[in-house]
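For reference, the structure discussed in these notes is given below.
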Amino acid sequence: MEELVRNQKPPSAEVKVAKAQLEEQKLLRRLLEERRPRVELVLQDRAHGTGTAAPEGTGGRHGLGERWDELMREAEARYGHLERILPAAQAFQEAVDSFQEWLGGTERQLAQLWHANGCVGRVQDAHRQTQALCQEIRGRLGELDGALESGQRVLDMVTGEEAQLAQEKLESLRMRYLIAGQSCADTEQRLAQTLEASSHLGSAQEELAPWLSRLEQELGCGDGQEPPLGTGDREKVWDTGQRLMCRCPREESRWG
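Residues in the sequence shown are numbered consecutively from 3, following our numbering.
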């Protein structure tokens, strides 16, 4: 019995393992209770000087009382410890599962928003979604803190490798949240820059449209020969072309 107790693994922070350990400890307590009458009989015989055999594996009657009391104390202490760990581990696991489910959906949504392209209206819609998502991420900080607090309670109850595993789970959850927040901010900035670039190009197109319309009318009224461009027209084409050439490389370099 003492060897069985010595070979027990430390209490686990994992719900399934902790639950199995608690059931194992219940069985051990029952076995100890079943052996109690025999141990008490041995102790009584020793007190009266009779020779009733000690239970197998107890090392005789010498020090049996102290060893038995120690065994019972250890069994009760471990049982109580596991009773406290299990609900704490369950609360932590539920908090982690819920937060990770939200994180997974958020990460997938951010990946889609990052690659948003097409017409201006589509980019504007993606930008609005990203702004809302960034606000939602900030609003989830309290939920993260709650999950980390529940994990810390579990961490305070375990030791060794189990404590290390619990700590790694806490760090992973915190890091994923921080990465999601940074990714959302980067995506929002990228889409805002895309909209700004589209606005610049749109302004240039609006600026050229009246001049092109007038030029088309003049060409349509001619005698089949292309009319020469006036000095003002040449300057208009040159100035607008230069501004477009300056803007396009700059905008392309942001995404290159």
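Even for Gly, the Cβ is constructed at its ideal location relative to N, Cα and C.
Looking at the structure shown, is residue i part of a helix, part of a strand, or coil, going by DSSP?
i, result
"G65", "coil"
"G120", "coil"
"V19", "helix"
"T189", "helix"
"S14", "coil"
"M74", "helix"
"T54", "Caution applies to T54, whose pLDDT of 49 falls short of 50 and renders its modelled position unreliable; the model cannot decide the point."
"M159", "coil"
"R32", "helix"
"R142", "coil"
"T60", "Its pLDDT being 47, under 50, T60 is placed unreliably by the model, and the measurement read from it follows with that caveat. Coil at T60, not helix or strand."
"E5", "helix"
How many whole angstroms separate the CB atoms of residue i and residue j, which I take to be in contact at a CB cut-off of 8 Å?
i, j, result
"L175", "A149", "6 Å"
"L115", "A128", "5 Å"
"A265", "S152", "Residue 265 lies beyond the stretch modelled for the chain, which goes from 3 to 258, so this question has no answer here."
I'd like to check one pair, residue j with residue i: are the Cβ atoms closer than 9 Å?
i, j, result
"P13", "E163", "no"
"L24", "L84", "yes"
"R178", "L112", "no"
"C136", "A187", "yes"
"L43", "L66", "no"
"T196", "N119", "yes"
"G183", "R140", "yes"
"V17", "Q92", "yes"
"A22", "I87", "no"
"E4", "R75", "no"
"A77", "V19", "no"
- State whether the stretch 87 to 107 contacts the stretch 29 to 39, with contact taken as three or more CB pairs (one from each stretch) at a distance under 8 Å. Output reads no: the stretch 29 to 39 does not touch the stretch 87 to 107.
- Message: Three or more C-beta pairs under 8 Å: does that hold for the stretch 157 to 175 against the stretch 124 to 133?
- Response: Between the stretch 157 to 175 and the stretch 124 to 133 there are fewer than three inter-stretch CB-CB distances shorter than 8 Å, so the stretches are not counted as touching.
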